[in-house]
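Report on the structure given below.
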Amino acid sequence: MEHHVTQRLSISVQNDLPKGNIVIKNTVIACGQPYEKSDIAKLLSPEDVNQIMIPHDENRTISFCGSATYRVGVEGTLDLYHDIDGQIVSLYWNGPWTRTHNQFDMANLNCEEYTVNMSPIQESGILGDVSVIVAQTSR
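So for the sequence shown, the numbering used here puts the first residue at 124; every next one is plus one.
See below:
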């Protein structure tokens, strides 16, 4: 497998909650660089990512890239909260620069309050685009 292609990940979070914002907190980047997709990519710090707020019925994309030149993949974690104090879920990703054994997992899901659906990922290749849809649990 050729290793000159850069590993990348874009997480699209959809807020399907009946009201309130989804807030990103506790972002930790082990490998890779967060950035904002646009005509000219803007590099972000973990603190910048922690300031992202996703209003009701909207989505936001958070992107991360590695470096083929420096043999760096993408790995990190972040938490999604409902407004300030209600933790929804923790997300973890690992896309090695070799583009094998990719992971994208959730943990600490508050399943009494929320449902979280994630799109599947490829185990090898570029981690790519992942969608995460957050909704209220039906009662």
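Just so it is clear, CB atoms sit at the ideal spot from N, CA and C, and this is done for glycine as well.
Every value quoted in this text rests on a predicted model; they were computed, and no experiment measured them.
### Message
Under DSSP, the beta strand (DSSP E) around P169 begins and ends at which residues?
### Response
Counting from one through the sequence shown, the residue named residue 169 turns up at place 46. P169 -> not in any beta strand (DSSP E); alpha helix (DSSP H) instead, spanning 169-172.
message = Between which two residues does the beta strand (DSSP E) holding A153 run?
response = The residue you call residue 153 lines up with position 30 of the sequence shown. Unbroken beta strand (DSSP E) run through A153: 145-154.
Over what stretch of residues does the beta strand (DSSP E) that includes A230 continue unbroken?
Residue numbering aside, residue 230 sits at position 107 when the sequence shown is read from its first letter. Residues 226-230.
Is it buried or exposed for R194, if we count other Cβ within 10 angstroms and need 16 for buried?
Here residue 194 corresponds to residue number 71 of the sequence shown, with the count starting at 1. Its Cβ having fewer than 16 others within 10 Å, R194 is exposed.
Same chain only: Cβ atoms within 7 Å of E181, ignoring 5 sequence neighbours per side: Looking up residue 181 in the sequence shown gives position 58. Counting only Cβ-Cβ distances below 7 Å, and skipping sequence neighbours, we find N138.
Exercise for the section: Locate the beta strand (DSSP E) running through Q210, then write down its first and last residues. Expected result: Walking along the sequence shown from the start, residue 210 turns up at place 87. Element bounds for Q210: 209-218.
Margin query: With three or more C-beta pairs closer than 8 Å as the rule, is the segment 210-230 touching the segment 161-174?
Written below: no
Exercise. Considering only residues of the same chain and omitting the five flanking positions on each side of E236, which have a CB-CB separation below 8 Å?
Worked result: Counting from 1 along the sequence shown, the entry for residue 236 is found at position 113. Hits under 8 Å: H205, G209, I211, Q259, T260.
> Can you tell me whether DSSP reads S254 as helix, strand or coil?
Replying inline: To locate residue 254, count along the sequence shown from 1; it is residue 131. The answer is strand: DSSP assigns S254 an E or B state.
Exercise. For V151, is the beta carbon positioned less than 7 Å from some heavy atom of the ligand PLP?
Worked result: Judged by which ligands are present, the structure shown has none, so any question about the ligand PLP falls away.
* Would you decide whether T150 is buried or exposed? Buried here means 16 or more other CB atoms lie within 10 Å of its CB. => Numbered from 1 along the sequence shown, position 27 holds the residue referred to as residue 150. Looking at its Cβ environment, which holds 16 or more other Cβ atoms inside 10 Å, T150 is buried.
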